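Data block below; observations after.
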Amino acid sequence: MFCCFHSSVQTSKSKSQLRNRNTNCDSAAPHRGDSGRDGRSFNPPRSRGHCRGKGPLRSGAILRFALASNECEFWARVGSPSRTVYSISFCPKPFRVNFVMYALISMSKSVSGNGCDMESPHSQNSPRRTLSLSKKRRATASCFDPDEISSGFGLSGDHGPKPSEVYGFVGSITTVVATVIFLVWAYVPESWLQSVGISYYPSRYWALAVPTYVMVTIVLMLGFYIGLNFISTPSPASLNTVFDEFSRDPLSLECTLEDEKPIEPISDIGIDRINDIMFKNNAA
Amino acid sequence: MGDSPPQKHRILMVSDFYYPNFGGVENHAYYLSQCLLKLGHKVVVVTHAYGNRSGVRYMTGSLKVYYVPWRPFCNQSTFPTLYGILPIIRTILIRERITVVHGHQTFSTLCHDALLHARIMGYKVVFTDHSLHGFGDVGSIHMNKVMQFTLADVSQAICVSHTSKENTVLRSGLAPEKVFVIPNAVDTAMFKPALERPGGLEIVVVVISRLVYRKGADLLVEVIPEVCRLHPNVRFIIGGDGPKRVRLEEMREKHSLFDRVELLGAVPHAQVRSVLISGHIFLTCSLTEAFCMAILEAASCGLLTVSTRVGGVPEVLPDDMIVLAEPDPGDIVQAIQKAIYMLPEIDPQVMHNRMRELYNWRDVAKRTEIVYDRASKCPNQSLLESLSRYLSCGAWAGKLFSLVMILGFLFWHLLELWQPADDIEEVPDVIFSHNCDEEMLQKS
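Sequences listed follow chains A and B, in order. When we follow this note's numbering, the leftmost residue of the first sequence carries the number 732, and every step to the right adds one. When we follow this note's numbering, the leftmost residue of the second sequence carries the number 507, and every step to the right adds one.
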């Protein structure tokens, strides 16, 4: 059963990757340039280090890309016509529209998550914590307001950098770029890369090995967990199947004449009484 | 009652959170089960094993609980194995002749797995959501996608407040007409006001909650010194434990409030009433709440409530029983002052009687019964019709979800070949009637 599941998942992922490559070839160059520029303007080493860890893993990248696409659809479904007009007027070309959608996604993610992130570092400083709480409330309340998103977009340029917004933005762009680079590295023939001028890169063996390692690890984790559960199952003769430290005896019935009786507190009924009720009634 | 006899449902409740664990979801599942049993339905609970508590137990009112030997992985949730739980769930569904599967809580992995497999096998599925979740952090994004998957084909859903319904509809993409709003309730017979309110010039403010960030413990650290400074006759009783307790201890030391701020630590649920009736005002500073059970319990004990205006809290009580504030220390201090001025007009007994009418578990059970009836009338759908719904979940996720459903369908048919449903023995019903009560009286 697990082998069948394993191969099926592999097949579907391969198809997804091929489609992914075709879709992203056109928009690869602009994304790379833009992410580079943003990396320079906003605290490059920390952002890059933070995002690079996620990039190489193919499954992670695929999942992140899938999430981004789904968020796109979510916005398209929920958004009002005014947002569509905003997107179209801002960027006439199609791939730029996608770019703006990614930006909006990052903004929405960052805005609603902003308070939580800023709360922890400033927990000792009272006035800032108050401000961050108010900011969190305002952000949460107006999460889906188009004007708020637009003004937020402008505000991020005017005010200082907000870490969660930058991380979300750079993270989504880096995920797409990393996915494209990985697919190019894994599938483009070596002669093509040589002709373009790329003469050294990691061994292609790892393009096959790392995803396989990840998938086999997941399957083994599942098998190990289910085996652990079987080990922890008590035997049919074990006393733990009928009694344990959490068992409570039923309280003695109170014959009070109150108009409403409280719901009885939680308690166990002994197995002897259950057997009497089950099988004695049947016999009678 | 009525022309046609009401339909008797056989309900399977699934959640990772159940006794001996304690919390809002656990209480909700237990009280709802008890009231449904009193209405004549059969209720079976499935949860994972808690330490030595493993196997099948019969609890109050002949409530049967399957403690499946499945180890908890993180925060009492099991590890998601997709198909690992299918054989056990299938056996339980057939043995108990279940008609409705009712899952509780978004973060319960067992609940999601069970709902998935119940839909594969053609059972009616109802889901209750107990929490609000955001849209921006990594955990929430992934959890929303999982919910979109498991709820794509759900029969009906229940939320505990209108705010929670908005949240769930946005997160999972459910049709709003499928989502019912049934609030939590409180056992008013267990939470009664004291015969006499604690008198004297002293005003006692009670706080009972877990001392974690989400419950606003940091707000509490700033509110208490300010209120103690403005009103010398105010005293605080804080029940509950958690990582933020150290901050409260530090606040007490810093402002020399040892005689006016009392920290009780963890309070067992059986002792919550005795803590509540020792106070006049109940304070909660949660940063997010779908529905606050503690407010109901406090109001049932006759306490005036001060709460932050978050999530579903404004829907809980009428305006004359609660004072709302923004989650801001200054605003909360003002709300507490307003509550202190309102105190002389509050009659605990009148408040208790209103709570008894407003929030009653039997009423919740009747409304849930309506949801079950509605779910039973939903037409059955074949796998192909369900797949179209899963495909609409997203460009890539939709195909993955459909693949998971198809594989689950095949696995189910393999189980049917290996162990046909006819070979599985059905469990005789335990009929708890008045005879048992008489028998118990004879024994005692």
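Ideal placement from N, C-alpha and C gives every residue a C-beta, glycine not left out. Please read all numbers here as calculations on a predicted model, not as lab measurements.
With a threshold of 7 Å between beta-carbons, can residue i be considered close to chain B, or not?
i: Tyr-956(A); result: yes
i: Pro-965(A); result: yes
i: Ile-1008(A); result: yes
i: Thr-972(A); result: yes
i: Leu-953(A); result: yes
i: Phe-900(A); result: no
i: Asp-975(A); result: yes
Is residue j closer than 7 Å to residue i when the C-beta atoms are compared?
i: Ala-845(B); j: Ile-783(B); result: no
i: Val-933(B); j: Arg-601(B); result: yes
i: Val-822(B); j: Thr-794(B); result: no
i: Val-964(B); j: Ala-624(B); result: Examination of residue 964(B) is not possible in this model, given that chain B is present from 507 through 950 alone.
i: Leu-789(B); j: Val-711(B); result: yes
i: Asn-739(B); j: Ile-714(B); result: no
i: Gln-540(B); j: Ile-994(A); result: yes
i: Ala-658(B); j: Tyr-896(B); result: yes
i: Trp-867(B); j: Tyr-537(B); result: yes
i: Arg-758(B); j: Val-767(B); result: yes
i: Ser-963(A); j: Arg-577(B); result: yes
i: Ala-796(B); j: Ser-667(B); result: yes
i: Gly-530(B); j: Met-911(B); result: no
i: Val-973(A); j: Ile-1005(A); result: no
Any C-beta of chain A sitting closer than 7 Å to the C-beta of residue i?
i: Lys-514(B); result: no
i: Ser-715(B); result: no
i: Phe-585(B); result: yes
i: Ser-510(B); result: Because Ser-510(B) sits at a pLDDT of 48, beneath the cut-off of 50, its placement in the model cannot be relied upon, and the following sentence gives the value as read from the coordinates. So, not an interface residue.
i: Asp-837(B); result: no
i: Val-936(B); result: yes
i: Pro-526(B); result: yes
i: Phe-523(B); result: no
i: Glu-944(B); result: With a pLDDT of 44 at Glu-944(B), under the threshold of 50, the modelled position of that residue is not reliable, and no figure is offered here.
i: Gly-722(B); result: no
i: Gly-914(B); result: no
i: Ile-517(B); result: no
i: Asn-581(B); result: no
i: Gly-590(B); result: yes
Can you give me the Cβ contacts of residue i inside the same chain, cut-off strictly under 6 Å, excluding the 5 residues immediately before and after it?
i: Val-692(B); result: Leu-802, Glu-803, Ser-806 and Tyr-865
i: Gly-771(B); result: Asp-747
i: Thr-634(B); result: His-610 and Ile-664
i: Glu-672(B); result: none
i: Ser-586(B); result: Rather than Ser, the amino acid found at residue 586(B) in this sequence is Pro. Once the five neighbours on either side are set aside, the close Cβ partners of Pro-586(B) are Thr-615.
i: Ile-591(B); result: Asp-619
i: Lys-495(B); result: With chain B covering only 507 through 950, there is no way to say anything about residue 495(B).
i: Ala-723(B); result: Leu-717 and Lys-750
i: Arg-862(B); result: Thr-694
i: Ala-646(B); result: Note that residue 646(B) is Ser in the sequence shown here, rather than Ala. Here the set comprises His-639 and Gly-640.
Only counting the same chain, and skipping five residues up and downstream in sequence, which positions put a Cβ closer than 7 Å to that of residue i?
i: Glu-532(B); result: Phe-523, Tyr-524 and Tyr-525
i: Pro-593(B); result: Leu-921
i: Leu-621(B); result: Val-607, Gly-609, Val-631, Phe-633, Thr-656 and Val-660
i: Trp-514(B); result: First, the amino acid is wrong: residue 514(B) is Lys here, not Trp. The residues are Gly-546 and His-547.
i: Leu-725(B); result: Cys-791, Pro-833, Pro-835 and Ile-838
i: Arg-677(B); result: His-639, Asn-650 and Met-653
Going along the chain, which residues of its own chain have a beta-carbon closer than 8 Å to the beta-carbon of residue i, five neighbours each way excluded?
i: Thr-553(B); result: Val-520, Ser-521, Asp-522, Phe-523, Tyr-524, Val-571, Tyr-572, Tyr-573, Val-574 and Leu-616
i: Asn-527(B); result: Tyr-556 and Gln-582
i: Arg-603(B); result: Arg-516 and Glu-932
i: Gly-818(B); result: Leu-638, Val-666, Ser-667, His-668, Thr-669, Ser-670, Glu-795, Ala-796, Phe-797 and Cys-798
Report the neighbours of residue i on chain E: residues whose CB is nearer than 7 Å to its CB, in chain order.
i: Glu-896(A); result: Given the protein chain composition of this structure (A and B), no chain E is represented.
Check your understanding: Are the segment 512-520 of chain B and the segment 577-584 of chain B touching by the rule of at least three beta carbon pairs closer than 8 Å?
Key -> no
Check your understanding: Counting Cβ pairs closer than 8 Å, one from the segment 930-940 of chain A and one from the segment 904-922 of chain A, do we hit at least three?
Key -> yes
Check your understanding: Is there contact here, the segment 683-691 of chain B with the segment 915-924 of chain B, by at least three beta-carbon pairs under 8 Å?
Key -> no
**Study point:** the segment 844-873 of chain B: positions lying closer than 8 Å to chain A by Cβ
**Key:** Arg-862 and Trp-867
Check your understanding: Name the residues in the segment 991-1002 of chain A whose C-beta lies less than 7 Å from a C-beta of chain B; which are they?
Key -> Glu-991, Lys-992, Pro-993, Ile-994, Glu-995, Ile-997, Ser-998, Asp-999 and Ile-1000
Review point. Okay, do the segment 647-657 of chain B and the segment 537-554 of chain B touch, 3+ Cβ pairs below 8 Å being the bar?
Key: no
Exercise for review: Decide yes or no for the touch test of the segment 995-1007 of chain A against the segment 975-982 of chain A: beta carbon pairs closer than 8 Å, at least 3 of them.
Suggested key: yes
Practice item. Could you say if the segment 755-764 of chain B and the segment 724-743 of chain B meet the contact criterion of at least three C-beta pairs nearer than 8 Å? Key: yes
Point to revise | Interfacial residues, the segment 562-576 of chain B to chain A, with Cβ spacing under 8 Å | key: Val-562, Arg-563, Tyr-564, Met-565, Thr-566, Gly-567, Ser-568, Pro-575 and Trp-576
Review point. Just by C-beta distance, which residues in the segment 530-547 of chain B are closer than 8 Å to chain A?
Key: Tyr-536, Tyr-537, Gln-540 and Cys-541
Point to revise | Proximal residues, the segment 872-895 of chain B versus chain A, C-beta separation under 8 Å | key: none
Exercise for review: Residues of the segment 549-562 of chain B with a CB closer than 8 Å to any CB of chain A: list them in chain order, please.
Suggested key: Ala-555, Tyr-556, Gly-557, Asn-558, Arg-559, Ser-560, Gly-561 and Val-562
Check your understanding: Just by C-beta distance, which residues in the segment 681-708 of chain B are closer than 7 Å to chain A?
Key -> Asp-693, Ala-695 and Met-696
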